[in-house]
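A quick write-up on the structure given underneath.
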Amino acid sequence: MYNTGNKKVKDELLILRDKFPILKNSTYLISNSLGAMPKSVYNRMQEYAETWANLGVKAWQEKWWQLSMETGNLIAPLIGAGKDEITMHPNVSLIQSIIVSSFNFNTKKNKVVYTDLEFPSDMYVYQKFAKSKGAEIQIIKSEDGFIPPTEKLLEAIDEKTLLVPISHVLFRNANIMNIKSIVKKAHSVGALVVLDAYHSVGTLEIDVNVLDVDILMGGVLKWLCGGPGGAFLWVKPELREKLEPEVTGWLAHKNPFAFENEMEYTNSAYRFMNGTPTIPSFYAAQEGTKIISQIGMDKIRKKSIHQTEKIIKLAEEYGYKINTPKEPELRGGTVSIDMSNALEISNQLLSKNIMIDYRPSAGIRIAPHFYNTDEEIDILFDAIIEITKEEKF
Ligand SMILES: Cc1ncc(COP(=O)(O)O)c(C=O)c1O
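With the working numbering, the residue at position 294 of the sequence shown is 284, and numbering never jumps.
Take a look at the structure:
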């Protein structure tokens, strides 16, 4: 049961707990890191092995070549994208490199602007790869390491700006960025917004058309309960043909099976692919996405707001520092709380099979998902109190 306004709502999502084996043997509050594995993944991995064993090389033609697009098409409705607009890749770092490689920075319009709150891997690709291609990098600093310096970012986006790579939801404290205002400013000066939506897809309602972003990427590992090896890329269809990624490969060719010596890009979304796709991970990737689509993002978000609010209330009661915005409209699916000895406490929680994680300066990150009970949040806080007493921190 939980409250939405004055109404008590029965938590019908808990019926899905049976589909996730790990919920039986742990208090799993870490879906911002690795979503729980759906039980059906066992069958899908078996299917993968049998396809390989029985079809051998014919598996490519009959199933595997289509799998990247098929997986992308399952994700598409969750971000408001159209059919055949998403491609799958091994990880977001590689996707960022593919994107950077698609632009020419040897012009006057060569500036890349982002804040110092971005996920490090994203920043590394721009600091190293984009810079080596001639980009001028401008990093806008947050004053406290948590609150996004949106005003300063907006000021920095000028006529020289080519790209604004930003996160939808910040990884450290789940602050939701004001994407609409950033897109508006970027577009007014002819710049493009590259959105890392890793911490929004699967926990927040998100629509590429409403946000009007140009490029979006994310992964299935966390909120989509899809395991490692499945990251997705959407590029605005009208932008696609203007880009010629230099990080490329034969699958991006117009006619890959002609094995031609000269590169001629396909006009389909496969333009951003490179070599042989990570097929086994796509089998696993599909299962969580299917469950989440069946539930619907509105229900997931409603429950997430309720449970993150509960975490905030308890943290306030116990006097812990809360690094995540208290306003629901500014808050994603995670709450970061800090206290003295947070790292030691988080290690002890893990040893008790209470799954959370710790990030320097953010503290303990707590990330309930649609399958969690309210009682699990109480279990977590009771355990923190217990550990604190025992260890005399
Ligand atoms: C915002 C964000 N982007 C990207 C990643 C992961 O990047 P990659 O897929 O390259 O491992 C994470 C992982 O925690 C993240 O939080």
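Virtual Cβ for every residue (Gly too), placed ideally from N, Cα, C.
For residue i, three-class secondary structure by DSSP
i	result
Thr384	Absent from the structure is residue 384, since the part of the chain shown begins at -9 and ends at 383.
Gly217	coil
Asp386	Only positions -9 to 383 of the chain appear in the structure, and residue 386 is not among them; the question remains open.
Leu206	strand
Arg291	helix
Tyr310	coil
Ala357	strand
Pro155	strand
Thr61	helix
Phe93	coil
Thr140	helix
Ser326	strand
Asn337	helix
Asn165	strand
Thr41	helix
Thr378	helix
Thr17	strand
Glu126	strand
Thr105	strand
Leu320	helix
Leu185	strand
Met27	coil
Met345	strand
Phe222	strand
Val237	coil
Val179	coil
Val47	coil
Assumed close pair residue i, residue j - CB separation to whole angstroms, cut-off 8 angstroms
i	j	result
Glu195	Met287	5 angstroms
Lys121	Ile130	Lys121 to Ile130, Cβ: 16 angstroms. No contact.
Ile354	Ala332	5 angstroms
Ser132	Asp106	6 angstroms
Thr17	Leu340	At roughly 11 angstroms, the Cβ-Cβ gap does not stay under 8 angstroms, so Thr17 and Leu340 are not in contact.
Phe95	Lys73	Phe95 to Lys73, Cβ: 33 angstroms. No contact.
Ile12	Ala26	5 angstroms
Ala164	Gly323	6 angstroms
Pro235	Ser92	4 angstroms
Ile156	Val183	7 angstroms
Pro67	Ser283	6 angstroms
Phe272	Ser23	Phe272 to Ser23, Cβ: 21 angstroms. No contact.
Val237	Ile88	5 angstroms
Cβ-based neighbour list, residue i, same chain, cut-off 7 angstroms, excluding 5 preceding and 5 following
i	result
Gln117	Ile127
Leu458	As displayed, the chain neither begins before -9 nor continues past 383, which places residue 458 out of reach and without an answer.
Lys175	Leu144 and Ile147
Leu206	Ile69, Leu185, Ala187, Val198 and Trp224
Ala181	Ile147, Thr151, Leu152, Leu153 and Val154
Ile285	Leu3 and Phe360
Pro28	Lys9, Phe10, Cys215, Glu277, Gly278 and Ile281
Status (buried if at least 16 other CB within 10 Å, exposed otherwise) for residue i
i	result
Tyr188	buried
Lys303	exposed
Lys212	buried
Ile269	buried
Val47	exposed
Pro350	exposed
Gln297	buried
Ala43	exposed
Pro315	buried
Gln86	buried
Leu229	exposed
Pro110	exposed
Ile65	buried
Lys293	buried
Phe10	buried
Asp204	buried
Val210	buried
Phe161	buried
CB contact check: residue i to chain B, cutoff 9 angstroms
i	result
Pro139	Judged by its chain identifiers, the structure shown contains no chain B, having just a single protein chain.
Beta-carbon proximity list for residue i, same chain, < 8 angstroms, skipping 5 on both sides
i	result
Leu19	Ile344, Met345, Ile346, Ile356, Ala357, Pro358, Asn362, Glu366, Ile367 and Leu370
Ile137	Asn165
Glu306	Ile312
Arg321	Ala164, Asn165, Ile166, Ile295, Thr298, Thr314 and Pro315
Asn63	Lys73, Asp74 and Ile76
Glu319	Ile166
Arg291	Thr193, Leu194 and Glu195
Sequence-distant residues of the same chain with beta carbon closer than 6 angstroms to residue i, five excluded per side
i	result
Asn168	Thr140
Ser30	Glu277
Asn81	Ala221
Leu233	Ser92
Val103	Gln128, Ala146, Ile147, Thr151 and Val154
Thr61	Met78, Phe272, Ala275 and Gln276
*Count the CB pairs spanning the stretch 132 to 152 and the stretch 358 to 375 that are closer than 8 angstroms, and state whether there are at least three.*
The stretch 132 to 152 vs the stretch 358 to 375: no contact.
_Taking 8 angstroms as the cut-off, does the stretch 228 to 242 touch the stretch 257 to 273 (at least 3 CB pairs, one atom from each stretch)?_
As far as the Cβ criterion goes, the stretch 257 to 273 touches the stretch 228 to 242, which means the pair count is three or higher.
_Does the stretch 32 to 39 come into contact with the stretch 251 to 261, if we say contact requires no fewer than three beta-carbon pairs (one atom in each stretch) closer than 8 angstroms?_
No, the stretch 32 to 39 is not in contact with the stretch 251 to 261.
*Is the stretch 214 to 223 in contact with the stretch 271 to 289, if contact means three or more CB pairs nearer than 8 angstroms?*
Yes: the two stretches touch, three or more of their Cβ pairs being nearer than 8 angstroms.
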